[in-house]
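Step one of this worksheet: look at the structure below.
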């Protein structure tokens with residue numbers, strides 16, 4: 002037994018030593034590169050936070066945050082800055098490639114890092130605070146928000162021995178400069194100019210800036226980074242989907258489809274449109290979390306859609322449709338508001354998208370539900386319902402249980418008493434309620450009368 006115990010002890014010791022000596026990835030043997038492209042929003046903030054945490058857990062030596070952003074919202078900017086300042090690893094911000102910019106909120110993010118660098122032909126600045134529509138804020142609110150932003154950006158610049166006066170002018174006067182000026186000022190706005198990542202790492206490995214300022218992370222010198230392999234960390238599929246849903250035009254379209262599906266479910270229950278409508282509204286609500294949503298605008302859109310559909314059931318001589326269009330348009334343009342750092346695109350729904358959706362809505366209602374209009378506005382002397390009793394017709398739309406049927410040479414609103422009847426299937430008229438036919442599926446397809454084709 003003694004030899005067996007010794008063998009087990011030796012094996013356990015060997016396994017323990019192997020686990021210590023050979024972790025999944027040796028500490029400090031690689032770099033992680035994150036990409037901050039496009040607007041700064043809750044999705045990109047979550048991506049940077051997760052990337053910094055994952056890099057530290059994975060034993061990276063440092064993180065390079067490559068920036069090409071026009072700015073974004075204040076809350077998301079604050080999240081990224083807090084993640085950088087609280088990072089367990091050195092963080093290098095790099096405005097790249099050529100032609101990139103660090104505008105508005107991205108200026109703050111750039112200056113928060115242990116090392117801030119820019120590629121040739123890039124620029125930084127224009128961090129004045131405006132509303133999400135690009136307009137100036139009311140005076141009192143503007144002073145409050147601007148003074149808070151100035152205090153924040155000056156502190157970020159001073160903590161890394163960078164030019165706090167220029168940083169303040171970027172907020173107060175929307176100052177923006179290229180890389181040559183940013184590096185050439187005393188003290189500089191950013192630490193260095195680098196044509197590529199290799200040049201950036203080589204410069205950082207000198208340990209100091211051109212003016213002698215030492216690169217530090219939490220008071221300690223940065224490790225040597227040159228020659229380390231670079232591990233790319235991209236957004237995952239879920240983050241990309243959330244970023245797509247953050248487009249105000251997509252949010253608007255999803256809300257519109259959702260309202261239509263749910264309202265249509267009440268008039269023609271079939272569970273399908275209601276389910277799709279609910280899914281669309283949930284997706285729109287998720288996407289709106291990254292946007293300054295105005296609930297009043299959302300209610301106006303819902304009211305407009307309700308008036309559209311009500312027009313098909315109430316005689317208003319077009320007044321409900323006019324009211325629906327007005328409510329819908331006002332709701333679309335009032336759907337978003339809020340206070341953000343300067344954005345490249347105003348946070349509103351495109352007028353073109355609004356126009357296209359209105360046209361689609363009107364055409365859809367007229368095409369799919371015109372049978373209701375035809376039967377309600379039937380001229381005197383038209384074919385009476387009694388004349389089509391017992392005749393064989395054809396389903397023009399899905400009847401489940403309500404839909405449109407063709408019988409007696411005319412189009413009717415119909416309701417099935419025998420389950421779902423698919424478009425083009427034969428049916429028999431067995432009764433009527435008001436101007437709505439009661440139909441059932443006809444077993445003999447050859448007996449169905451031929452309906453005229455759509456032009």
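Residue numbers (my numbering): 2 to 456. Just so you know, even glycine gets a beta-carbon here, dropped at the ideal spot from N, CA and C.
{"query": "Cβ contact check for the segment 243-250 and the segment 72-83: 3 or more pairs under 8 angstroms", "result": "no"}
{"query": "Candidates 423, 419, 425, 424: closest to residue 431 by CA position", "result": "419"}
{"query": "For residue 120 and residue 128, the rounded distance between their alpha carbons", "result": "20 angstroms"}
{"query": "Counterpart residues of residue 94 in DSSP-defined beta bridges", "result": "66, 117"}
{"query": "Own chain residues within Cβ distance below 7 angstroms of residue 275, not counting five before or after", "result": "262, 263, 266"}
{"query": "Beta carbon of residue 236 nearer than 7 angstroms to that of residue 407", "result": "no"}
{"query": "Euclidean distance between Cα positions of residue 310 and residue 390", "result": "29 angstroms"}
{"query": "Bridge-paired residues (DSSP) for residue 399", "result": "DSSP lists no partner for residue 399."}
{"query": "Anticipated Cβ contact below 8 angstroms, residue 110 with residue 93, distance rounded", "result": "Incorrect: roughly 12 angstroms between the Cβ atoms, too far for contact."}
{"query": "For residue 156, the three-state DSSP class (helix, strand or coil)", "result": "helix"}
{"query": "Which listed residue (318, 248, 434) has its alpha carbon closest to that of residue 44", "result": "248"}
{"query": "Cβ separation of residue 216 and residue 231, assumed to be a contact under 8 angstroms, to the nearest whole Å", "result": "The Cβ separation is near 19 angstroms, so there is no contact."}
{"query": "Residue 297 (DSSP reduced to helix, strand or coil)", "result": "helix"}
{"query": "Cβ pair residue 300, residue 308 closer than 7 angstroms", "result": "no"}
{"query": "Inter-residue spacing [alpha-carbon to alpha-carbon] between residue 112 and residue 334", "result": "35 angstroms"}
{"query": "Status (buried if at least 16 other CB within 10 Å, exposed otherwise) for residue 142", "result": "exposed"}
{"query": "For residue 357, the three-state DSSP class (helix, strand or coil)", "result": "helix"}
{"query": "Residue 219 classed as buried or exposed, judged by whether at least 16 other C-beta atoms fall within 10 angstroms", "result": "exposed"}
{"query": "Cβ neighbours of residue 208 in the same chain (closer than 8 angstroms, five flanking residues each side left out)", "result": "215, 216, 222, 223"}
{"query": "Counted within 10 angstroms of its Cβ, other Cβ atoms place residue 158 as buried (16 or more) or exposed", "result": "buried"}
{"query": "Test item: CB-CB of residue 168 and residue 155 under 7 angstroms", "result": "yes"}
{"query": "Secondary structure of residue 40, DSSP reduced to three states", "result": "coil"}
{"query": "Cβ-Cβ separation, residue 42 to residue 73 (assumed contact under 8 angstroms), whole Å", "result": "5 angstroms"}
{"query": "Euclidean distance between Cα positions of residue 66 and residue 213", "result": "24 angstroms"}
{"query": "Assumed close pair residue 357, residue 336 - CB separation to whole angstroms, cut-off 8 angstroms", "result": "Incorrect: roughly 16 angstroms between the Cβ atoms, too far for contact."}
{"query": "Same chain only: Cβ atoms within 7 angstroms of residue 46, ignoring 5 sequence neighbours per side", "result": "77, 80, 81"}
{"query": "Beta-carbon gap between residue 57 and residue 33 smaller than 7 angstroms", "result": "no"}
{"query": "Contact check, residue 252 vs residue 289, beta carbons under 7 angstroms", "result": "yes"}
{"query": "For residue 400 and residue 417, believed in contact at Cβ under 8 angstroms, the rounded distance", "result": "5 angstroms"}
{"query": "Whether residue 441 touches residue 423 by CB criterion (7 angstroms)", "result": "no"}
{"query": "DSSP-derived helix/strand/coil call for residue 191", "result": "coil"}
{"query": "Cα-Cα separation between residue 283 and residue 254, rounded to whole angstroms", "result": "12 angstroms"}
{"query": "Assigned exposure category for residue 95 - 16 Cβ within 10 Å defines buried", "result": "buried"}
{"query": "Whole-angstrom distance between residue 395 and residue 305, CA atom to CA atom", "result": "33 angstroms"}
{"query": "Collapsed DSSP secondary structure at residue 124 in the structure displayed", "result": "strand"}
{"query": "Residue 231 - containing alpha helix (DSSP H), residue span", "result": "From DSSP, residue 231 is part of no alpha helix (DSSP H) but of the beta strand (DSSP E) over 231-233."}
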